[in-house]
(Lines of atoms letter the chains of each structure in order from A and count residues from 1; the text may use other names and numbers.)
(Lines give C-alpha, C1' and ligand atoms only; values in the text may rest on other atoms or scores of the structure.)
Protein backbone atom coordinates (compact mmCIF):
# COMPACT_ATOMS: atom_id res chain seq x y z
CA UNK A 1 0.00 0.00 0.00
CA UNK A 2 1.25 3.48 -0.84
CA UNK A 3 2.41 5.63 2.07
CA UNK A 4 -0.27 8.42 2.41
CA UNK A 5 2.25 10.75 4.02
CA UNK A 6 4.58 10.36 1.05
CA UNK A 7 1.75 11.18 -1.35
CA UNK A 8 0.82 14.19 0.75
CA UNK A 9 4.39 15.49 0.69
CA UNK A 10 4.50 15.02 -3.07
CA UNK A 11 1.34 17.09 -3.47
CA UNK A 12 2.83 19.91 -1.39
CA UNK A 13 5.99 19.82 -3.53
CA UNK A 14 3.89 20.15 -6.69
CA UNK A 15 1.89 22.99 -5.11
CA UNK A 16 5.08 24.85 -4.18
CA UNK A 17 6.54 24.27 -7.66
CA UNK A 18 3.41 25.75 -9.25
CA UNK A 19 3.77 28.87 -7.10
CA UNK A 20 7.43 29.16 -8.03
CA UNK A 21 6.66 28.90 -11.76
CA UNK A 22 3.77 31.39 -11.61
CA UNK A 23 5.58 34.24 -9.95
CA UNK A 24 8.99 33.81 -8.31
CA UNK A 25 9.65 37.51 -8.38
CA UNK A 26 6.67 38.08 -6.09
CA UNK A 27 8.37 36.09 -3.32
CA UNK A 28 11.52 38.15 -3.34
CA UNK A 29 10.20 40.61 -0.77
CA UNK A 30 9.13 38.02 1.81
CA UNK A 31 10.95 35.52 3.96
CA UNK A 32 7.97 33.16 4.03
CA UNK A 33 8.05 29.99 1.93
CA UNK A 34 4.99 28.35 3.50
CA UNK A 35 2.63 27.07 0.79
CA UNK A 36 -0.22 27.49 3.27
CA UNK A 37 -0.06 31.29 3.07
CA UNK A 38 -2.59 32.86 0.74
CA UNK A 39 -1.87 35.55 -1.82
CA UNK A 40 -2.85 38.39 0.52
CA UNK A 41 -0.20 37.36 3.03
CA UNK A 42 2.59 36.76 0.49
CA UNK A 43 2.44 39.99 -1.52
CA UNK A 44 -0.18 42.36 -0.07
CA UNK A 45 0.86 45.49 -1.99
CA UNK A 46 0.68 43.86 -5.43
CA UNK A 47 -2.61 42.16 -4.57
CA UNK A 48 -4.16 45.36 -3.20
CA UNK A 49 -3.33 47.22 -6.43
CA UNK A 50 -4.82 44.44 -8.55
CA UNK A 51 -7.94 44.30 -6.39
CA UNK A 52 -8.45 48.03 -6.94
CA UNK A 53 -8.31 47.36 -10.69
CA UNK A 54 -10.75 44.45 -10.38
CA UNK A 55 -13.28 46.51 -8.41
CA UNK A 56 -12.96 49.43 -10.85
CA UNK A 57 -13.42 47.07 -13.82
CA UNK A 58 -16.50 45.44 -12.26
CA UNK A 59 -18.01 48.87 -11.52
CA UNK A 60 -17.38 49.96 -15.12
CA UNK A 61 -18.97 46.78 -16.50
CA UNK A 62 -22.13 47.50 -14.51
CA UNK A 63 -22.18 51.25 -15.22
CA UNK A 64 -21.81 50.72 -18.98
CA UNK A 65 -24.39 47.90 -18.79
CA UNK A 66 -22.03 45.44 -20.47
CA UNK A 67 -23.02 42.96 -17.74
CA UNK A 68 -25.79 43.10 -15.16
CA UNK A 69 -25.37 42.07 -11.53
CA UNK A 70 -26.80 38.59 -12.13
CA UNK A 71 -24.45 37.93 -15.05
CA UNK A 72 -21.48 39.20 -13.07
CA UNK A 73 -22.41 37.09 -10.05
CA UNK A 74 -22.64 33.96 -12.24
CA UNK A 75 -19.27 34.75 -13.81
CA UNK A 76 -17.71 35.06 -10.35
CA UNK A 77 -18.92 31.64 -9.17
CA UNK A 78 -15.58 30.00 -10.03
CA UNK A 79 -13.31 33.01 -9.45
CA UNK A 80 -11.91 34.73 -6.36
CA UNK A 81 -10.53 38.23 -6.00
CA UNK A 82 -7.81 36.79 -3.72
CA UNK A 83 -6.30 34.59 -6.45
CA UNK A 84 -3.69 35.32 -9.10
CA UNK A 85 -6.09 35.65 -12.08
CA UNK A 86 -7.44 39.14 -12.72
CA UNK A 87 -11.14 39.74 -13.29
CA UNK A 88 -10.49 40.83 -16.87
CA UNK A 89 -8.58 37.63 -17.66
CA UNK A 90 -11.33 35.53 -16.13
CA UNK A 91 -14.12 37.25 -18.10
CA UNK A 92 -12.18 36.86 -21.36
CA UNK A 93 -11.65 33.15 -20.67
CA UNK A 94 -15.38 32.83 -19.92
CA UNK A 95 -16.08 34.56 -23.28
CA UNK A 96 -18.20 37.23 -21.64
CA UNK A 97 -16.07 40.02 -23.09
CA UNK A 98 -13.55 40.09 -25.92
CA UNK A 99 -9.84 40.71 -25.49
CA UNK A 100 -10.18 44.03 -27.30
CA UNK A 101 -13.05 45.12 -25.06
CA UNK A 102 -11.12 44.00 -21.99
CA UNK A 103 -8.13 46.08 -23.07
CA UNK A 104 -10.36 49.14 -23.62
CA UNK A 105 -12.02 48.78 -20.23
CA UNK A 106 -8.73 48.22 -18.41
CA UNK A 107 -7.24 51.38 -19.96
CA UNK A 108 -10.31 53.31 -18.87
CA UNK A 109 -10.11 51.96 -15.30
CA UNK A 110 -6.39 52.69 -15.19
CA UNK A 111 -7.07 56.32 -16.04
CA UNK A 112 -9.82 56.49 -13.43
CA UNK A 113 -7.54 55.02 -10.76
CA UNK A 114 -4.72 57.40 -11.68
CA UNK A 115 -7.02 60.39 -11.22
CA UNK A 116 -8.22 59.07 -7.85
CA UNK A 117 -4.67 58.33 -6.72
CA UNK A 118 -3.50 61.83 -7.65
CA UNK A 119 -6.28 63.32 -5.53
CA UNK A 120 -5.55 60.94 -2.65
CA UNK A 121 -1.84 61.80 -2.62
CA UNK A 122 -2.79 65.39 -1.84
CA UNK A 123 -5.28 64.19 0.81
CA UNK A 124 -2.68 62.03 2.55
CA UNK A 125 -0.17 64.89 2.66
CA UNK A 126 -2.79 67.30 4.04
CA UNK A 127 -4.33 64.92 6.58
CA UNK A 128 -2.03 62.81 8.74
CA UNK A 129 -5.02 60.79 10.04
CA UNK A 130 -5.54 59.16 6.63
CA UNK A 131 -3.59 55.91 6.74
CA UNK A 132 -5.03 53.61 4.05
CA UNK A 133 -5.14 54.85 0.46
CA UNK A 134 -6.45 51.53 -0.83
CA UNK A 135 -9.69 51.72 1.14
CA UNK A 136 -10.07 55.41 0.33
CA UNK A 137 -9.80 54.74 -3.42
CA UNK A 138 -12.21 51.80 -3.20
CA UNK A 139 -14.64 54.09 -1.38
CA UNK A 140 -14.60 56.46 -4.36
CA UNK A 141 -14.86 53.67 -6.95
CA UNK A 142 -17.61 51.75 -5.17
CA UNK A 143 -19.26 54.03 -2.62
CA UNK A 144 -22.32 51.76 -2.22
CA UNK A 145 -20.19 48.70 -1.58
CA UNK A 146 -22.30 46.54 -3.92
CA UNK A 147 -19.41 45.76 -6.26
CA UNK A 148 -17.13 44.79 -3.38
CA UNK A 149 -19.89 42.52 -2.05
CA UNK A 150 -20.27 40.82 -5.43
CA UNK A 151 -16.51 40.27 -5.61
CA UNK A 152 -16.36 38.83 -2.09
CA UNK A 153 -14.55 41.77 -0.49
CA UNK A 154 -15.30 43.64 2.69
CA UNK A 155 -15.59 47.41 2.52
CA UNK A 156 -13.95 49.47 5.24
CA UNK A 157 -16.58 51.01 7.55
CA UNK A 158 -14.17 53.75 8.61
CA UNK A 159 -12.30 54.58 5.43
CA UNK A 160 -11.38 58.02 6.60
CA UNK A 161 -10.33 59.49 9.88
CA UNK A 162 -8.29 58.08 12.71
CA UNK A 163 -8.21 54.26 12.99
CA UNK A 164 -10.54 52.99 15.70
CA UNK A 165 -9.93 50.11 18.07
CA UNK A 166 -12.00 48.13 20.54
CA UNK A 167 -10.36 46.42 23.52
CA UNK A 168 -11.94 43.76 25.67
CA UNK A 169 -11.16 40.87 27.95
CA UNK A 170 -12.88 37.51 28.24
CA UNK A 171 -12.47 34.50 30.45
CA UNK A 172 -13.15 30.83 29.83
CA UNK A 173 -13.67 27.96 32.23
CA UNK A 174 -12.09 24.67 31.12
CA UNK A 175 -14.52 21.78 31.62
CA UNK A 176 -12.91 18.66 30.17
CA UNK A 177 -10.26 17.61 27.67
CA UNK A 178 -11.62 16.68 24.24
CA UNK A 179 -8.37 15.61 22.61
CA UNK A 180 -4.64 16.17 22.37
CA UNK A 181 -2.15 16.10 19.50
CA UNK A 182 1.51 16.84 19.03
CA UNK A 183 0.91 20.59 18.75
CA UNK A 184 -2.03 21.40 20.97
CA UNK A 185 -4.73 20.28 23.38
CA UNK A 186 -8.44 20.88 22.79
CA UNK A 187 -10.78 21.53 25.72
CA UNK A 188 -14.50 21.88 26.10
CA UNK A 189 -14.76 25.31 27.70
CA UNK A 190 -17.44 27.73 28.83
CA UNK A 191 -17.39 31.26 27.43
CA UNK A 192 -18.36 33.18 30.57
CA UNK A 193 -19.23 36.36 28.65
CA UNK A 194 -21.72 34.86 26.18
CA UNK A 195 -22.73 31.91 28.40
CA UNK A 196 -22.01 29.28 25.77
CA UNK A 197 -19.81 26.25 25.25
CA UNK A 198 -16.82 26.53 22.92
CA UNK A 199 -13.85 24.40 21.95
CA UNK A 200 -10.61 25.92 23.22
CA UNK A 201 -7.31 24.84 21.67
CA UNK A 202 -4.01 25.75 23.32
CA UNK A 203 -0.36 24.98 22.71
CA UNK A 204 0.76 22.00 24.78
CA UNK A 205 2.45 23.16 27.97
CA UNK A 206 5.69 21.37 27.11
CA UNK A 207 5.85 23.31 23.82
CA UNK A 208 5.19 26.80 25.20
CA UNK A 209 8.89 27.70 25.24
CA UNK A 210 9.39 26.63 21.61
CA UNK A 211 9.03 29.76 19.49
CA UNK A 212 8.74 27.77 16.24
CA UNK A 213 5.86 25.73 17.65
CA UNK A 214 4.04 28.81 18.95
CA UNK A 215 4.54 30.50 15.57
CA UNK A 216 3.13 27.47 13.76
CA UNK A 217 0.17 27.38 16.15
CA UNK A 218 -0.50 31.09 15.57
CA UNK A 219 -0.28 30.61 11.81
CA UNK A 220 -2.80 27.75 12.04
CA UNK A 221 -5.27 29.99 13.89
CA UNK A 222 -4.83 32.92 11.49
CA UNK A 223 -5.21 30.83 8.32
CA UNK A 224 -8.25 28.96 9.69
CA UNK A 225 -9.81 32.22 10.85
CA UNK A 226 -9.54 33.69 7.35
CA UNK A 227 -11.33 30.73 5.76
CA UNK A 228 -14.91 31.88 6.14
CA UNK A 229 -16.99 29.00 4.80
CA UNK A 230 -20.08 27.23 6.24
CA UNK A 231 -18.21 23.89 6.28
CA UNK A 232 -14.99 25.14 7.89
CA UNK A 233 -14.88 25.50 11.65
CA UNK A 234 -15.21 29.20 12.63
CA UNK A 235 -12.59 30.74 14.93
CA UNK A 236 -14.06 32.97 17.65
CA UNK A 237 -10.95 34.41 19.32
CA UNK A 238 -7.16 34.14 19.31
CA UNK A 239 -5.44 35.31 22.51
CA UNK A 240 -2.97 34.69 25.32
CA UNK A 241 -3.77 33.89 28.91
CA UNK A 242 -2.91 37.04 30.87
CA UNK A 243 -1.55 35.05 33.82
CA UNK A 244 0.32 32.13 32.22
CA UNK A 245 1.03 33.52 28.75
CA UNK A 246 -0.50 30.34 27.28
CA UNK A 247 -1.44 30.88 23.61
CA UNK A 248 -4.92 29.65 22.67
CA UNK A 249 -7.83 30.15 20.33
CA UNK A 250 -11.50 29.34 20.65
CA UNK A 251 -13.85 27.95 18.04
CA UNK A 252 -17.31 26.53 17.67
CA UNK A 253 -17.97 23.42 19.77
CA UNK A 254 -19.33 20.74 17.45
CA UNK A 255 -20.00 17.73 19.67
CA UNK A 256 -18.54 14.28 19.28
CA UNK A 257 -19.78 12.68 16.05
CA UNK A 258 -17.36 12.60 13.13
CA UNK A 259 -17.65 11.31 9.58
CA UNK A 260 -15.64 8.28 10.70
CA UNK A 261 -18.40 7.50 13.23
CA UNK A 262 -21.07 7.89 10.53
CA UNK A 263 -19.18 5.59 8.14
CA UNK A 264 -18.79 2.93 10.84
CA UNK A 265 -22.49 3.20 11.75
CA UNK A 266 -23.48 2.87 8.08
CA UNK A 267 -21.55 -0.40 7.66
CA UNK A 268 -22.78 -1.79 10.97
CA UNK A 269 -26.39 -1.17 10.00
CA UNK A 270 -25.91 -2.71 6.56
CA UNK A 271 -24.39 -5.82 8.12
CA UNK A 272 -27.41 -5.96 10.43
CA UNK A 273 -29.75 -5.96 7.41
CA UNK A 274 -30.68 -2.26 7.31
CA UNK A 275 -30.39 -1.27 3.63
CA UNK A 276 -32.09 2.13 3.89
CA UNK A 277 -30.78 4.08 0.82
CA UNK A 278 -31.04 7.37 2.74
CA UNK A 279 -28.09 6.31 4.92
CA UNK A 280 -25.77 6.31 1.90
CA UNK A 281 -27.40 9.50 0.62
CA UNK A 282 -26.54 11.31 3.89
CA UNK A 283 -22.93 10.12 3.71
CA UNK A 284 -22.51 11.19 0.08
CA UNK A 285 -24.07 14.59 0.84
CA UNK A 286 -21.57 15.07 3.67
CA UNK A 287 -18.73 14.06 1.34
CA UNK A 288 -19.82 16.68 -1.22
CA UNK A 289 -19.85 19.32 1.53
CA UNK A 290 -16.27 18.38 2.45
CA UNK A 291 -15.24 18.67 -1.22
CA UNK A 292 -16.77 22.14 -1.45
CA UNK A 293 -15.00 23.28 1.72
CA UNK A 294 -11.64 22.00 0.48
CA UNK A 295 -12.18 23.57 -2.95
CA UNK A 296 -12.79 26.91 -1.20
CA UNK A 297 -9.62 26.47 0.87
CA UNK A 298 -7.64 25.73 -2.31
CA UNK A 299 -9.03 28.91 -3.88
CA UNK A 300 -7.36 30.75 -0.98
CA UNK A 301 -4.07 28.84 -1.52
CA UNK A 302 -4.52 26.79 1.67
CA UNK A 303 -3.82 23.04 1.69
CA UNK A 304 -5.28 20.71 4.34
CA UNK A 305 -2.48 18.25 5.11
CA UNK A 306 -4.44 15.94 7.42
CA UNK A 307 -7.80 15.44 5.70
CA UNK A 308 -9.50 12.30 7.03
CA UNK A 309 -12.96 11.28 8.30
CA UNK A 310 -11.87 11.85 11.91
CA UNK A 311 -11.29 15.53 11.07
CA UNK A 312 -14.80 16.07 9.72
CA UNK A 313 -17.49 16.80 12.34
CA UNK A 314 -21.21 16.17 11.79
CA UNK A 315 -23.95 17.77 13.86
CA UNK A 316 -27.49 16.55 14.32
CA UNK A 317 -28.91 18.93 11.68
CA UNK A 318 -26.97 17.90 8.61
CA UNK A 319 -24.14 20.42 8.90
CA UNK A 320 -20.65 19.24 7.97
CA UNK A 321 -17.60 20.99 9.40
CA UNK A 322 -13.95 20.40 8.39
CA UNK A 323 -11.53 20.63 11.35
CA UNK A 324 -7.74 21.03 11.86
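In the numbering used here, the protein residues as written are 52 to 375. Idealized CB from N, CA, C, for every residue including glycine.
A check of alpha carbon separations from residue 247 across 149, 264, 304 identifies 304 as the nearest.
If you draw a 10 Å sphere on the C-beta of residue 371, you find 16 or more other C-beta atoms in it, and that means buried. Here the C-alpha atom of residue 113 lies approximately 16 Å from the C-alpha atom of residue 141.
Bounds of the beta strand (DSSP E) holding residue 286 are 286 to 291. Closest in alpha carbon position to residue 360, among 351, 375, 350, is 375.
When the alpha-carbon of residue 154 is set against those of 147, 139, 163, 144, the nearest one is in 139.
By the C-beta criterion, the segment 316 to 327 is judged not to be in contact with the segment 277 to 289, since fewer than 3 inter-stretch pairs fall below 8 Å. Going by DSSP, residue 299 is part of the beta strand (DSSP E) stretching over 298 to 303.
In this chain, the beta strand (DSSP E) harbouring residue 248 covers 247 to 254. For the segment 297 to 351, the full-length beta strand (DSSP E) segments reaching 3 residues or more read 298 to 303 along the chain. Annotated three-state conformation of residue 167 is helix, per DSSP. A residue is called buried when at least 16 other Cβ atoms come within 10 angstroms of its Cβ; residue 332 does not meet this threshold and is exposed. Within the same chain, Cβ atoms closer than 8 Å to the Cβ of residue 227 are found at 238, 239, the five residues on either side in sequence being excluded.
Residues of the same chain with a CB within less than 8 Å of the CB of residue 123, apart from the 5 flanking positions on each side, are 109, 112, 113, 201 in chain order.
Spatial neighbours of residue 346 in its own chain (CB-CB distance under 7 Å, excluding positions within 5 residues in sequence) are not present. Assigned with DSSP and collapsed to three states, residue 227 falls in strand.
Within the DSSP bridge table, the entry for residue 364 names 309, 372 as partners. Proximity of the segment 244 to 263 to the segment 217 to 236 meets the contact definition, three or more beta-carbon pairs being nearer than 8 Å. Taking a C-beta distance under 8 Å as the contact criterion, residue 234 and residue 268 qualify as a contact pair. Counting along the chain, the unbroken beta strand (DSSP E) around residue 240 starts and ends at 235 to 242.
The criterion of a C-beta distance shorter than 8 Å is satisfied by residue 192 and residue 107.
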